[in-house]
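Data first, discussion second: the structure below is written as structure tokens.
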Amino acid sequence: METLVEESPNPNWPVEEAHWLTATRSHIAQLAQQGQDPRFVFHNDRLSYHLEQTVGLLESSDSSTGSPRLTVHLAALFYPMGFAREATEPLAESQALARRFLLRAGLPAEKVEEVGRIMHEAHRQHPQTAGSSYLADALLGLRCPRADETDWPSLAQLEVELIKDTHDRVGWQQQELQELLTLCFHTSAGRQRWQEALGQRILAQRRKLEKARRNQSTPTQAGNGSGAFGPLEEGPAARGAQTFFRAVFRNHINLSAI
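Following this line, the structure appears as structure tokens:
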């Protein structure tokens, strides 16, 4: 199946930087074809392309931004790719994938290190630069997609259910609502793009929680191994999924406390 590589909304890249983006997008597509577990319906190359496109949209919407930042786009492309490969340290795997490819391809070492820093700061939701703020907001925007965007929260929930084989809908919906109520964007472009969608998402999430509570019967115990993926319940993939949602989807979280 052919992988569709979406283009950044800013076509005015210098020739050399455009080369880096094209090469990296192709590399991401190759990584996705190297036996990725089909249960990762959220962490995959489609998310990579979406994040890269989104940081470009945020840059172009921000009047304080000059030329697009190559390192931000590279960080967005590589960010999701480690989560389907390394459960205990997914961010470190994403950074390692970026480092190996970019250094081998000849990107200056200081630029490669900047890519890693942007991923780290955005992952922690403690951005220290404008570039990492764009990626941090792109990650937060996954929580409250607009009507013209993919329903990323549903894909995220499905991925966790497939990997963990658990269906605690009430617990999931309650955690989602709590985190949405504390979500705060870092950039004016992010607030302008998603603030209205966030309000609608909170209302919809409250309705989902109320419905889940009404439909709740005897809770299904996680870890009983009775489902199709029961043996993986306590495995590293499940822990990796939990780590991601705690780290990325909770605003201003301290990873050292996990």
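Just so you know, we're using the working numbering here: the sequence shown kicks off at 1364 and counts up by one. Beta carbons are placed, not taken as given, at the ideal position from N, Cα and C, and that holds for glycine. Computed from a predicted model, the values in this text were never measured in an experiment.
For residue 1387, the enclosing alpha helix (DSSP H) stretches over residues 1378-1395.
Considering only 1421, 1505, 1438 and 1501, the residue with the shortest C-alpha distance to residue 1391 is 1438. DSSP places residue 1442 in no alpha helix (DSSP H); its state is neither H nor E. A buried status is given to residue 1527, since no fewer than 16 other beta-carbon atoms sit within 10 Å of its beta-carbon. For the stretch 1520-1545, the full-length alpha helix (DSSP H) segments reaching 4 residues or more read 1532-1544 along the chain. Counted as a single uninterrupted DSSP element, the alpha helix (DSSP H) harbouring residue 1417 occupies residues 1408-1424. Residue 1387 is classed as buried because its beta carbon has at least 16 other beta carbons within 10 Å across all chains shown.
Measuring C-alpha to C-alpha distances from residue 1421 to each of 1409, 1382, 1410 and 1436 identifies 1436 as the nearest. Just measuring C-alpha positions, the residue of 1512, 1506 and 1510 sitting nearest residue 1520 is 1506.
Around the beta-carbon of residue 1576, fewer than 16 other beta-carbon atoms lie within 10 Å, marking it exposed.
Rounded to whole angstroms, the gap between the alpha carbons of residue 1416 and residue 1509 is 15 angstroms.
Nearest Cα to residue 1532 within the set 1557, 1513, 1551 and 1570: 1570. In this structure, residue 1484 sits near residue 1495, with a CB-CB distance shorter than 7 angstroms. For residue 1553, the enclosing alpha helix (DSSP H) covers residues 1551-1578.
Contact annotation: residue 1478 and residue 1545 have beta-carbon atoms that are not nearer than 7 angstroms. Each residue's CA atom was taken as its position, placing residue 1486 and residue 1493 some 14 angstroms apart. Residue 1572 is a Cβ neighbour of residue 1536, given a cutoff of 7 angstroms. In the displayed model, residue 1467 falls within a helix according to three-state DSSP.
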